[in-house]
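First up is the structure itself, then whatever we jot down about it.
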Amino acid sequence: MPVSRQTTRSSRGLLAIVAVFAMSTGSAAVAGPAINFLPHQALYDLSLVKTRNNASVNTVRGRILYNFSGNACEGYTSDFRQVSEIESGEGKNTLSDLRSSSWEDAAGKSYRFKIGTRMDDSTESDVDGIAERTGDHITVKLKQPVQKTFQLDGATVFPTEQIERIIEAARAGKSLLNLSVYDGSDNGEKVYNTLTVIGQPIKGSGAVASPDPSTKDDAMKSLTRWPVTVSYYDRDAKANAGEQTPVYAMSFELYENGVSRSLVLDYNDFVLAGAMGKLEVKTTGKPCK
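Under mature numbering (1 follows the signal peptide of the UniProt record, and there is no 0), the letters of the sequence shown match residues -31 to -1, 1 to 258, in that order.
What follows is the structure, encoded as structure tokens:
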């Protein structure tokens, strides 16, 4: 699943989490087989792990549903939905509903996205746009929330390329990866600096503390996965004395085919766990000619 961050304060970022992503050009050459991303649907059940900073959060219930399809010829399509109910005491409940649909060219040249966020019964807040890579820059054209055209540095990557880069770095034995990422989240104008920390590879035949559909699947058992933590930093934040605090962080175990399990979503004030409850492998589409 990608590492994207479609967000509100309480439902930050998750296109990235469950993502399965695409191959891209411009990546460093890495020895080993090509990345074969698995078309699939995954369901994750969310629960509260802990709170910090005296946050008034008693319980959190929710789910993430992620669908991924496509191939290196047609590009990759992902549909993501996260619904969370936060209970903060004294009968106060907040319901957040985040939906996102995106398509990314397998070469990382084009990215289309549409994101909708709703809190309780408020009017849905929409972001809709397209980003095109040309030469040494990326041109973003927004339709919503306002019509606007602007440019990004060409070194910025989209979510599918982000996951590909992480898998490539993991295969190469690297433990750290820095990337600037654009996924259309927030108001459609944000770029995040990310730091990815990659742990030692885990073989599918090893013991699993909390089994789920991915660890029980015979085909998945033959695959390597890596513990990964991705921290997101506001690129436009003014530098203050001391170390910058990430806006959001997520941890997960990433399979070499792009499937993610054992999610941990850190929103600073509270931390959620996402346990995979369902994994459905989709039929592979037409092969590339």
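Just so you know, even glycine gets a beta-carbon here, dropped at the ideal spot from N, CA and C.
Checklist entry - Any chance the region 235 to 245 sits against the region 10 to 19, with 3 or more Cβ pairs inside 8 Å? => result yes
Checklist entry - Is the CB-CB distance between Asp97 and Phe82 below 9 Å? => result yes
Next on the checklist: Relative to the C-alpha of Glu158, which candidate in Asp203, Leu146, Gly173 and Ala141 has its C-alpha closest?
Outcome noted: Asp203
Checklist entry - Is Lys190 helix, strand or coil by DSSP? => result helix
Next on the checklist: Quick check on residue 327: does DSSP put it in helix, strand or coil?
Outcome noted: Outside the modelled stretch of the chain, which goes from -31 to 258, sits residue 327, for which no answer is possible.
Next on the checklist: On the DSSP bridge list, what partners appear for Ala41?
Outcome noted: Paired residue(s): none; Ala41 is not in a bridge.
Next on the checklist: Considering just the uninterrupted stretch of the beta strand (DSSP E) at Thr165, what are its terminal residues?
Outcome noted: Tyr161 to Ile167
Item to check | Helix, strand or coil at residue 266 [DSSP, three-state] | outcome: Nothing can be reported for residue 266, as the shown portion of the chain is limited to -31 through 258.
Checklist entry - Does DSSP put Ala139 in a helix, a strand or coil? => result helix
Checklist entry - Taking the continuous beta strand (DSSP E) assigned at Thr184, which residues delimit it? => result Element bounds for Thr184: not the beta strand (DSSP E) but the alpha helix (DSSP H), Pro182 to Lys185.
Next on the checklist: Using only CA atoms, which one of Ser25, Asp90, Asp95 and Asn23 lies nearest to Lys112?
Outcome noted: Asp95
Checklist entry - Contact between the region 122 to 134 and the region 167 to 180: three or more CB pairs below 8 Å? => result no
Checklist entry - DSSP three-state call for Ala213: helix, strand or coil? => result It should be pointed out that residue 213 corresponds to Gln in this sequence rather than to Ala. Reduced to three states, the DSSP call for Gln213 is coil.
Item to check | Beta-carbon proximity of Val26 to Ser47, cut-off 9 Å | outcome: no
Checklist entry - Contact between the region 147 to 157 and the region 170 to 190: three or more CB pairs below 8 Å? => result no
Checklist entry - Just to confirm, are Ala100 and Ser70 a CB contact at a threshold of 9 Å? => result no
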